[in-house]
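Numbering-wise, the sequence shown is residues 7 to 271 according to our numbering.
Heads up, the beta-carbon is just placed ideally off N, CA and C, and yes, glycines get one too.
Encoded as structure tokens, the structure appears first; notes follow it.
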Amino acid sequence: MKKANNPVRAVETTIQVLEGLKERNGASITELADHLDLTKGTVHNHVSTLQENRFIVKNDNQYELSLRFLIFGEYVRNNNILYQIGEPEVQELAEETGEIVHLSTEQHGLSMKLCKILGENAVGERFHSVKLQRPDYLHYTATGKAILAFLPQSRVEQIVDEYGLAEMTDNTIPDRAALFDELKTTRERGYSLNDQEEVEGVRAVGAPVRDQTGRVLGAVSVSGPISRMQDGRFRDALPEKIKNTTSVIEANINMTEIIPTSGAR
Numbered sequence: 007m008k009k010a011n012n013p014v015r016a017v018e019t020t021i022q023v024l025e026g027l028k029e030r031n032g033a034s035i036t037e038l039a040d041h042l043d044l045t046k047g048t049v050h051n052h053v054s055t056l057q058e059n060r061f062i063v064k065n066d067n068q069y070e071l072s073l074r075f076l077i078f079g080e081y082v083r084n085n086n087i088l089y090q091i092g093e094p095e096v097q098e099l100a101e102e103t104g105e106i107v108h109l110s111t112e113q114h115g116l117s118m119k120l121c122k123i124l125g126e127n128a129v130g131e132r133f134h135s136v137k138l139q140r141p142d143y144l145h146y147t148a149t150g151k152a153i154l155a156f157l158p159q160s161r162v163e164q165i166v167d168e169y170g171l172a173e174m175t176d177n178t179i180p181d182r183a184a185l186f187d188e189l190k191t192t193r194e195r196g197y198s199l200n201d202q203e204e205v206e207g208v209r210a211v212g213a214p215v216r217d218q219t220g221r222v223l224g225a226v227s228v229s230g231p232i233s234r235m236q237d238g239r240f241r242d243a244l245p246e247k248i249k250n251t252t253s254v255i256e257a258n259i260n261m262t263e264i265i266p267t268s269g270a271r
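The structure is reproduced here in structure tokens:
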């Protein structure tokens, strides 16, 4: 992303304060100043302004992010066409598979979860709930690899240059050459595999969602414990189910995009 020629330092500090409160799950002025290595006066000024504008609330001596952020988040998500069209379909997929289903997109080179749906046998509910609160790297998740596989190679190179290839387990893709080989295979077969690359004992399958021009909009994944994700299901049954789901989402998005504007004939 192109950097601002003249970044506004006050805005950068405000962002630091907000991120610091999120990281610490609330803090006093002193705690936040120490955490951010800023003066208490600077932190107090920013916190006070944010509180006046209802972005921060104070409970006892602790400042916390307010629920106003929920309004912004819901607004952004509900205006995303992939979420609008995809959420009912991933709900159905979760009911059909009994596992956890994610609908994700890419922004700023990271995986952003639009929603997670729990099937009746889903495991790791707390883990997946926390994942919704932060972006993920793309190279070790099923949705991430499905997205990367259909991005231009130059864009993938930029993402790897910026974020590297963090190793989560012994199975995480270790280098750029291996990643590009994996993405080539993913493109050829139409789905991605996460074979314990993020969490030991957990496998996931993903497939991309693309518009009528071929541009990748996001991806859908199903994840579960390795005991229920043996090769027959992992490499055959689930990929077909997920691709069926993404094809329905794609068709609905494409039809939405060609609806004539009001007054057109």
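According to DSSP, residue i sits in a beta bridge with which residue or residues?
i	result
M118	T111
V23	Beta-bridge pairing links V23 to no other residue.
Q68	N65
A33	Y69
L124	I106
From what residue to what residue does the beta strand (DSSP E) around residue i run?
i	result
A225	222 to 231
A213	208 to 216
N200	198 to 201
Q236	Careful: Q236 lies outside any beta strand (DSSP E) and carries neither H nor E.
State yes or no: is the C-beta of residue i within less than 8 Å of the C-beta of residue j?
i	j	result
E223	L88	With the sequence shown as reference, residue 223 is identified as Leu, and Glu is not the correct amino acid for it. Their beta carbons are under 8 Å apart, which means L223 touches L88 by this criterion.
V226	T251	yes
Q68	G32	yes
I179	Y146	yes
H52	V23	yes
A152	A213	yes
K249	Y197	yes
D217	N260	yes
E98	G125	no
V82	V96	no
R193	F133	no
L27	E80	no
P94	L116	no
G130	L109	no
So, is residue i buried or exposed, given that buried needs 16 or more other C-beta atoms within 10 angstroms?
i	result
V136	exposed
T262	exposed
V215	buried
I264	exposed
T6	Given a span of 7 to 271 for the chain in the structure shown, any question on residue 6 remains unanswerable.
M235	buried
N59	exposed
H4	For residue 4 there is no data in the structure shown, the boundaries of the chain being 7 and 271.
A257	exposed
G238	exposed
V49	buried
Taking Cβ positions only, does residue i come closer than 8 Å to chain D?
i	result
E204	The structure shown contains no chain D, having only a single protein chain.
Please list the terminal residues of the continuous alpha helix (DSSP H) segment that includes residue i.
i	result
V14	Taken as a continuous stretch (DSSP letters only), V14 belongs to no alpha helix (DSSP H), as it is neither H nor E.
D43	Looking at the DSSP string, D43 is not in any alpha helix (DSSP H), and its letter there is neither H nor E.
N276	Outside the modelled stretch of the chain, which goes from 7 to 271, sits residue 276, for which no answer is possible.
Y81	74 to 84
A148	148 to 154
E272	Any answer about residue 272 is impossible in this case: the structure gives the chain only from 7 up to 271.
E204	Careful: E204 lies outside any alpha helix (DSSP H) and carries neither H nor E.
A176	The sequence shown places Asp at residue 176, rather than the Ala named in the question. From DSSP, D176 is part of no alpha helix (DSSP H); its letter is neither H nor E.
A100	87 to 103
V129	No alpha helix (DSSP H) contains V129, which DSSP labels as neither H nor E.
Y169	159 to 169
**OP:** Decide yes or no for the touch test of the stretch 187 to 195 against the stretch 68 to 77: beta carbon pairs closer than 8 Å, at least 3 of them.
**Re:** no
Original post:
Is the stretch 199 to 210 in contact with the stretch 227 to 239, if contact means three or more CB pairs nearer than 8 Å?
Top reply: yes
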